[in-house]
Structure formats: C-alpha cells, structure tokens
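Residue numbers (the working numbering): 1415 to 1522. A virtual CB, placed ideally from N, CA and C, is assigned to each residue, including glycine.
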C-alpha cells in the first residue's frame, strides 16, 4: 500500500491473467511508448485522464500501469480521489514485466 493505493506485483498480475481473470488494465504511458511495448489494456496518456474519465469503468478494479510505476501511482491516486472505488498500481510497471515475466517485451 502506498498513499492508500494497493500495489500489485507483475507476478500477481500474470497469475490473474493466467487464471483467466478478466482484468482491466489502464496504460497511462504516451502513445510512442505504447508502440514500443505493451501488455494489453486501454491506453489513455496520463495528461488525458482527467478529460477522459467517462472511458474508465468505475465498476471494475482498475489496474493502472506505466513505465516504472511512478506515473501510474499518481493517476491511481487521482482516480481514487475522483471516486473510483477499486484502483491499484502495477508496481514497477512494464519495465518490471519485461524483467520478471516476459523478456520479449522491449525495454526502453
């Protein structure tokens, strides 16, 4: 838990995906980053999130991810303040995913 936001490890996310769980991932990186590497999820760059809240499902747990987990933490905190009840941050972001889960995911 960091500033009231649960932290999800990439290993736990992978376990949930492998178990067939329909996870809702919000990717808050920039489009150029998304073209380099992605793990699925809806791309809404961090600066667009406040204007695009209607696109983010309030009824589901929102797993926010970015490159290293810093931007996603900020956006998770923002979403919590905006009334989203179930928000978690992907600790370490896509970089941790490349390190611990899938080395084919390109690092940048």
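Item: Residue 1494 and residue 1439: beta carbons closer than 8 Å?; Value: no
Item: DSSP three-state call for residue 1476: helix, strand or coil?; Value: strand
Item: Report the three-state DSSP secondary structure of residue 1461 (helix, strand or coil).; Value: helix
Item: Under a three-way DSSP split, which group does residue 1487 fall into?; Value: helix
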